[in-house]
Amino acid sequence: MMGRDLLGIEDLERSELERILETSLRMEEVGRRDVKKVPTLRGRTIINLFFEPSTRTRTSFEIAGKRLSADVVNFSPSSSSLTKAESILDTAMTLDAMDPDAVVVRHKVAGVPKRIADALQAPVINAGDGAHEHPTQALLDLFTVWQEKGRIDGLTVTIVGDITHSRVARSNLYAFSKLGAEVRLAAPPTMLPAGVESLGAKSFTSLREALEGADVVMLLRIQQERLAGCFFPSIREYAATFGLDRRKLRFAKDDAIVMHPGPINRGVEIAHDLADQRPSVILDQVRNGVAVRMAVLYLFAGRSPREAARREG
Amino acid sequence: MGRICIRGGRVLDPSAERDELADVLVEGGRIVAVGPPGADTGGAEGVDASGCWVAPGFVDLHVHLREPGQEYKEDIASGGRCGVAGGFTALVCMANTQPVNDDPSVTEYILDRARQESPARVYPVAAATRGLAGEVMTEMSALVEAGVVAFSDDGRTIMDSGVMRRVLEYSGLVRVPIITHAEDRTLVREGVVNEGPVSTRLGLPGNPAVAEVVHVARDITLAELTGAHLHVAHVSTAGAVELIRAARERGVHVTAEVTPHHLALTDEATLGYDTNTKMAPPLRSQRDVDACRAGLADGTIDAIATDHAPHAVHEKDVEFTAAPPGVIGLETAVPVTLDLVRAGELAPLEWVRRLSTGPARIIGRPGGSLAVGAPADLTVIDPERRWVYDPAKGFSKSRNSPWIGREMIGRAMVTLVGGTLVYDAHRGVLAP
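If you're matching them up, the sequences are chains A and B in order. For the first sequence, the numbering used here assigns the number 2 to the initial residue and increments by one for each residue that follows. For the second sequence, the numbering used here assigns the number 185 to the initial residue and increments by one for each residue that follows.
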């Protein structure tokens, strides 16, 4: 049950996903107490190793670790270590020598957490690598939908936006299809990656068709600075064709919910008035992110190989 | 350089369509007799080749020896040792050294070092444009006079079609091939793995097959216009194979090579993010691999060339996107490509032709023949020999191979260059 590292949803079995969701439910209860802290990971050290800046995800992991009483250390190699030309593996092994019980890694290049995991003793949790995977985001999305709908099996989930460059889309595609949902991807043809249907999703270039009968609409952030003029003509045209507003949302089921991993571009992928209230559940996602990351830290950092080795020794 | 007799082997000489058991007698640096086994050779030193194949030495049209300038990756001596240990007696080395081989002084330096240090013959390729910048053509007459056998901006594609046209046109003066590294950079962009289901799963930028196909189409069209000899380096796509086949049928002077890794591995080898599976062009789909194998079998592709590209461990042990592309290949080419023989896709004689006679003809140098009077460049291959590849036990200064730890079948046992025994699998590299 469950490998040493959490590198991607692609590697997980259905039963493992279910176990993480059930554990998250218990963790969520902790977050509703007056004293939001349990001693579960007391004496454990967790390093947040973020090569790519991400205040939101890092903060979520940090709060999750602290609610479990772990000692959380943030390490963000900045330009200073780049100028020192220390390699990523050297940085990671330096930290490993300080005996952490888990290392949470974010990097802008796909595959880096895997390379680090291959080199380290501590378990590695992927907090997002390039356009590859962002497993804890998908887990918190699963948890949110599960809470809203009471099930995953049989739902239709439509993911809208820049699929090509999105780790969130890939992780969610695996997560929801493993638990029996139908996953649809909607984007201009330039942002649907080659061979994506082989991963188990249906792709659409018509937002209307992709939304018909959808229970969940998940919007992705458009990186305006990188994409406009290259993958689509303009923000205005994107907002008109793939931006979600209340009018377009009517094509989905009446009780459809709207999700977004954040940070949102108001007026681009999501209309202003849709972002702040039902059926949008964007802030619930953020709240659930802490519970899900507590579950992940508990399951992966709570039984580190160092601990096992010490016990045996 | 005495008398050596290679006894009892299966002699495979594509230049004479010979495939029979024979002894090969070498004297004075040349082949002096090929005849029925067991004849009296008057006290010549014997090499037992029973159970083995005796072939003309292999000619690798595409290696990076890294000297001058990057001797920490490889140098002419270590690259030459890799060559003879892999059955290669001649290496055609690319121009992307530091400084670039775009001037006769660099060519002369390489040839001088090779004469002193390399057990294999070395034939330099000069840059087609100064500094590999794709703008101003190099002094082709002077460079050919200095000893280069072809021109190429390998690793950097000449994107300006007008420049490429003039390079091809001008090469008519010196009558040597122009080697194209055919990848349209505007289609490749930041792509690092073959675009398709694998790049999508990995989340790495895709390099589409059409980047090669579009460029091969352009270069064939320009070769047709100019009548030049175009050689397409490391063909990797079904589309390019198809274009080359059609061009040859209508008489365009185009030749081509394929690497062992593009014959043996698909992009799925990249799924673990191992940077030793990062090449340029990238590993492609099964359909492309099948097309390259078929193209090699039917003669559309003339040569197997390794694109031996050494890089230091610290250069490869980085993020996938930051790692330099390329793998070493001289010591593994024989077992990896023997797979086509075992699979019944290439007869042994044709396999030898793609490794020796075919490439030697492309550069217009001796080699690829065991005819009486030919230079005694030959190799003895044990096609059944089983061994496990460990680059630390090999001769390269680098370790970047996708075959580390793999069981190999087939190995060069003995190599002679100019009648001198330069390699013996049991004793290592013996000269210089």
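All residues carry an ideal CB built from backbone N, CA and C; glycine is no exception.
Would a C-beta distance cut-off of 8 Å place residue i and residue j closer than the cut-off?
i      : j      : result
A/V218 : A/L250 : yes
B/V419 : B/E441 : yes
B/T281 : B/G253 : yes
A/I89  : A/V113 : yes
B/A330 : B/E292 : yes
A/V259 : A/A240 : no
A/F62  : A/A170 : no
B/E258 : B/K581 : yes
A/H133 : A/G263 : no
B/T516 : B/W587 : yes
B/T384 : A/G196 : yes
Looking at the secondary structure, which residues open and close the alpha helix (DSSP H) in which residue i lies?
i      : result
A/Y175 : 168-179
A/Y299 : 283-302
B/Y293 : 288-301
A/K203 : Where A/K203 is concerned, there is no enclosing alpha helix (DSSP H), although the beta strand (DSSP E) it sits in stretches over 203-205.
B/Y354 : 345-354
A/F338 : Shown here, chain A extends from 2 to 314; a query on residue 338 of chain A therefore has no answer.
A/M99  : It is not in any alpha helix (DSSP H) - A/M99 carries neither H nor E in the DSSP assignment.
B/G513 : Counting along the chain, B/G513 falls outside any alpha helix (DSSP H), and DSSP gives it neither H nor E.
Would you please verify whether the beta carbon of residue i is less than 8 Å from any beta carbon of chain A?
i      : result
B/L533 : no
B/G380 : yes
B/S383 : yes
B/E503 : yes
B/H498 : yes
B/G390 : yes
B/G387 : yes
Beta-carbon of residue i versus every beta-carbon of chain B: anything under 8 Å?
i      : result
A/V169 : no
A/K115 : yes
A/G201 : no
A/M244 : The identity of residue 244 of chain A in the sequence shown is Gly, whereas the question assumes Met. With 8 Å as the cut-off, A/G244 does not count as an interface residue toward chain B.
A/I89  : yes
A/H273 : no
A/A132 : yes
A/K111 : Sequence check: residue 111 of chain A is Ala here, not Lys. Taking Cβ atoms only, chain B reaches closer than 8 Å to A/A111, which makes this a yes.
A/L180 : no
A/A98  : no
A/A195 : yes
A/S81  : Any reading at A/S81 needs caution, since the residue's pLDDT is 48, under 50, leaving its predicted position unreliable; the model's value is listed next. For A/S81, the answer is no, since every Cβ of chain B falls outside 8 Å of its Cβ.
In the DSSP assignment, find the unbroken beta strand (DSSP E) run with residue i in it and report its ends.
i      : result
B/H415 : 414-416
B/L562 : 562-572
A/H108 : 103-108
B/D523 : First-last for B/D523: 517-526, but that is the alpha helix (DSSP H), not the beta strand (DSSP E).
B/W237 : 237-240
A/G66  : Segment 56-68 is the alpha helix (DSSP H) holding A/G66; no beta strand (DSSP E) there.
B/P308 : 305-310
Below 8 Å CB to CB, which residues in the same chain sit around residue i once its five sequence neighbours on both sides are set aside?
i      : result
A/E19  : L180
A/D97  : V104, A120, L121, Q122, A123
B/G594 : V518, P519, L522, I565, D566, P567, E568, R569
A/S81  : Its pLDDT being 48, under 50, A/S81 is placed unreliably in this model, and the coordinates cannot settle the point.
A/V282 : T145, E149, I258, V259, M260
Relative to the alpha-carbon of residue i, which residue among the options has its alpha-carbon at the smallest distance?
i      : options                        : result
B/E499 : A/S70, A/D91, A/K67, A/R33     : A/D91
A/L200 : A/V297, A/L186, A/R34          : A/L186
A/T56  : A/K38, A/S77, A/L221           : A/S77
B/M278 : B/G315, B/L449, B/G375         : B/G315
B/V511 : B/D451, B/G271, B/K462, B/G193 : B/K462
A/G4   : A/S207, A/I64, A/P262, A/V125  : A/V125
B/D451 : B/L388, B/D286, B/R373, B/S289 : B/L388
B/T541 : B/G193, B/R202, B/R191         : B/R202
B/G552 : B/R187, B/V195, B/D458         : B/V195
A/V106 : A/D100, A/T95, A/A118, A/V36   : A/A118
B/A366 : B/G356, B/L357, B/D344, B/V360 : B/D344
A/A302 : A/D100, A/Q278, A/K38          : A/D100
A/V146 : A/G162, A/H166, A/T165, A/N173 : A/N173
B/G226 : B/I188, B/F504, B/P220         : B/I188
B/A544 : B/S199, B/R191, B/G192         : B/S199
CB-CB under 6 Å to residue i, same chain, minus the five flanking residues each way: which ones, in chain order?
i      : result
B/D491 : H246, H418, T443
B/G603 : M185, V210, G213, A560
B/V598 : V231, V564, D608
Leaving out the 5 sequence neighbours to the left and right, which residues in its chain are closer than 7 Å to residue i when beta-carbon positions are compared?
i      : result
B/L614 : L605, V606, Y607, D608
B/V218 : V195, A206, V208, L554, V556
B/V358 : M324, S325, V328
>> Can you pull out the residues from the segment 445-459 of chain B whose beta carbon lies closer than 8 Å to at least one beta carbon of chain C?
In response: Reference to chain C is not applicable here, since the protein chains of this structure are A and B.
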